[in-house]
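Q: Residue numbers (this note's numbering), protein chains in the order written: chain X, 1 to 25; chain C, 1 to 427. Okay, handing you the structure first.
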């Protein structure tokens, strides 16, 4: 199910999300 | 390098000008698409088939009830101090005049405050508002409430200066609202030029008389549809990124800019992703709204039907402020979500469109945003947008295929990446 909902805390650090997004570029 | 692939295809590749060409075909064929009109009905039918032909998933129509107002023939002729036929556009949901029209003296005011001060002079008159243009969101209240405020002081009709920063004798229509318990008087927009002229005449003490004829009529609500098409998510299909624009328009020009452009770059975003064979983790849902111009009527009924699933909406997007060259993305959401969106927009560096501004909004998505869902909209040259907004100038001639290519690329990159990231945007 969804990893992150507004009532849950993100499982990942911002740096991890940054890296993830960078891979789309 | 998904972002580059989308940009390449949309701006330099085979999909160049596709959104423009598709839009031109529809609005040249159908013309403008007023809520409750046959034109809108036909446009919905055409779009429904086109989306199925485009091999999108789950293409379907969701029935809604929408207002049905018809303009009919209308005219305004200044009889005194001289004969002058004025360009007007009745305002949406206005009542009509008796067949012989309303002939009355004019009271020119420049603000609601001035109208209150001069209330005793308004009885039996046509109130003309020559309000200064500040910006659209501030000044539009005159168009929306002008008739009600005038009726409260006994006026028989109201004529509102068009809400636009620039005019070449072009009336700009739009919705207006009556109030329970206040007489419903006919109301129409006039040109900036005529409003200014009557203001000068009145300041010289000249008596102005106008004959106003309007066949406008409100009919019972009628059935219409929001159109839905998707690219189903492959990992979290129940989670959604909503990409949208509205298919209806006012009965002026071709309804190309407002909001044909927004509707067609939204379709283009899914087409680009489909062409590249991409399938995001979450569902990308395209919605073409109906009856936005009457106050987000179709979209509110979509919200009522789907709000039970609100926690699965990662982002809602609407393009309804023009598809000229975008200067950035307007965004409403938490600081964390904004930081993520800045990363997403950095992928558009090749187009030099990386700004994330505030005020992500749209008549059709605001209800979701107010309920806590992150929201995004495109920002472009709004000054130019309001030149043509709700006027006969809203035609394909103001649209630029190259600019639409870029707007579609931005829309596709943002919607795809947010739909494919491992986590939903934080609230």
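Each residue gets a CB set at the ideal place from its N, CA and C atoms; glycine is no exception. All figures in this text were calculated on a predicted structure; none of them were measured in a lab.
Output, in chain order, the set of chain C residues within a Cβ distance shorter than 8 Å of residue 18(X).
A: Neighbours of residue 18(X) on chain C, chain order: 343.
Q: For residue 230(C), decide whether its Cβ has a neighbour in chain X, counting only Cβ atoms nearer than 8 Å.
A: Chain X, which has no Cβ nearer than 8 Å to the Cβ of residue 230(C), makes this no.
Q: Using a Cβ-Cβ cut-off of 7 Å (strictly less than) and excluding sequence neighbours within five positions of residue 171(C), which residues of its own chain qualify?
A: Result list for residue 171(C): 87, 88, 89, 162, 189, 190, 191, 391, in chain order.
Q: Going by DSSP, which residues form a beta bridge with residue 90(C)?
A: Paired residues: 188(C).
Q: Within its chain, find whatever has a CB closer than 6 Å to the CB of residue 102(C); leave out the 5 residues flanking it on each side and keep chain order.
A: Excluding positions up to five away in sequence, the list reads 156, 157, 212.
Q: Should residue 275(C) be flagged as near chain X, meaning a C-beta pair shorter than 8 Å?
A: With 8 Å as the cut-off, residue 275(C) does not count as an interface residue toward chain X.
Q: Between residue 61(C) and residue 48(C), how many whole angstroms is the CB-CB distance? I'm expecting something under 8 Å.
A: Yes, they are in contact, since the Cβ atoms of residue 61(C) and residue 48(C) sit about 6 Å apart, within 8 Å.
Q: Per DSSP, what are the beta-bridge partners of residue 244(C) in this structure?
A: Its beta-bridge partners are 287(C), 318(C).
Q: Answer with yes or no whether the minimum CB distance from residue 3(X) to chain C is below 8 Å.
A: No answer about residue 3(X) holds up, because its pLDDT of 42 lies below 50 and its placement is not dependable.
Q: Would you mind giving the Cβ-Cβ distance between residue 230(C) and residue 290(C), rounded to the nearest angstrom? I have them listed as a contact below 8 Å.
A: Wrong, their Cβ atoms sit about 18 Å apart, outside the cutoff.
Q: Quick one: what's got a C-beta closer than 6 Å to residue 73(C)'s C-beta in the same chain, skipping five residues either side?
A: Answer for residue 73(C): 215, listed in chain order.
Q: Buried or exposed for residue 312(C), please, with buried defined as at least 16 other CB atoms from any protein chain shown within 10 angstroms of its CB.
A: Answer is buried; the Cβ neighbour count reaches 16.
Q: Who are the neighbours of residue 3(C) on chain X, taking C-beta pairs under 9 Å?
A: In chain order: 24, 25.
Q: Compare the beta carbon distance of residue 380(C) and residue 324(C) with 8 Å and say whether it is the shorter of the two.
A: In this structure, residue 324(C) lies closer than 8 Å to residue 380(C) by Cβ.
Q: Of all Cβ atoms in chain X, is any one closer than 8 Å to the Cβ of residue 441(C)?
A: Residue 441(C) falls outside the range modelled here, since chain C spans only 1 to 427, and no answer is possible.
Q: Contact criterion: CB-CB distance below 8 Å. Does residue 347(C) meet it with respect to chain X?
A: With 8 Å as the cut-off, residue 347(C) counts as an interface residue toward chain X.
Q: Measure the C-alpha to C-alpha separation of residue 257(C) and residue 402(C) and round it to an integer number of angstroms.
A: Spanning the two alpha carbons is a distance of roughly 14 Å.
Q: Based on DSSP bridge pairs, tell me the residues matched to residue 433(C).
A: Because chain C spans 1 through 427 in this model, residue 433(C) falls outside it and cannot be assessed.
Q: Quick one: grab the DSSP three-state call for residue 332(C).
A: If DSSP states are grouped into helix, strand and coil, residue 332(C) belongs with the strands.
Q: Note the first and the last residue of the continuous beta strand (DSSP E) segment covering residue 160(C).
A: Looking at the DSSP string, the run of the beta strand (DSSP E) that includes residue 160(C) is 157-161.
Q: Using a threshold of 8 Å, state whether the C-beta atoms of residue 243(C) and residue 314(C) are closer than that.
A: It is not a contact, given that the beta carbons lie outside the stated cut-off.
Q: Determine which residues of the stretch 69-92 of chain C have a Cβ less than 7 Å from any Cβ of chain X, and write them out in chain order.
A: Those residues of the stretch 69-92 of chain C that come within reach of chain X (Cβ to Cβ, closer than 7 Å) do not exist; the list is empty.
Q: Candidates 340(C), 164(C), 359(C): which alpha carbon is nearest residue 385(C)'s?
A: Measuring from the Cα of residue 385(C), the nearest candidate turns out to be 164(C).
Q: For a test of the three-state rule: what should DSSP assign to residue 15(C), helix, strand or coil?
A: Note: residue 15(C) maps to coil in three-state DSSP.
Q: Between the C-alpha atoms of residue 316(C) and residue 367(C), what's the straight-line distance to the nearest angstrom?
A: Going by the C-alpha atoms only, they are around 10 Å apart.
Q: Return the bridge partner residues of residue 175(C) from the DSSP annotation.
A: Looking at the DSSP assignment, residue 175(C) forms a beta bridge with 92(C).
Q: Kindly list the residues whose CB is nearer than 8 Å to the CB of residue 253(C), restricted to its own chain and excluding five residues on each side of it in sequence; keep chain order.
A: Excluding positions up to five away in sequence, the list reads 32, 388, 391, 392, 393, 394, 395.
Q: Would you mind giving the Cβ-Cβ distance between residue 416(C) and residue 6(C), rounded to the nearest angstrom? I have them listed as a contact below 8 Å.
A: Residue 416(C) to residue 6(C), Cβ: 7 Å. Contact.
Q: Measuring CB to CB, does residue 115(C) end up less than 8 Å from residue 148(C)?
A: No, the Cβ-Cβ distance between residue 115(C) and residue 148(C) is not below 8 Å.
Q: Establish whether the CB of residue 421(C) and some CB of chain X are separated by less than 8 Å.
A: Interface residue, yes.
Q: In chain order, what residues of the same chain lie with their CB nearer than 6 Å to the CB of residue 140(C), ignoring the 5 residues before and after it?
A: Contacts found: 163.
Q: Could you give the distance in angstroms between the alpha-carbon of residue 352(C) and the alpha-carbon of residue 413(C)?
A: C-alpha separation (whole angstroms): 14 Å.
Q: Can you list the residues of chain X that residue 417(C) reaches, using a CB-CB cut of under 7 Å?
A: Residues of chain X passing the Cβ test: 21, 24.
Q: On the three-state DSSP scale, how would you describe residue 60(C)?
A: In this structure, residue 60(C) counts as strand in the three-state DSSP scheme.
Q: Would you please state the rounded distance, in angstroms, between the beta carbons of residue 273(C) and residue 79(C)? I believe it to be under 8 Å.
A: Not quite, the Cβ-Cβ distance comes to about 59 Å (not below 8 Å), so this is no contact.
Q: So residue 378(C) is in the beta strand (DSSP E); what residue range does that whole segment cover?
A: Element bounds for residue 378(C): 375-379.
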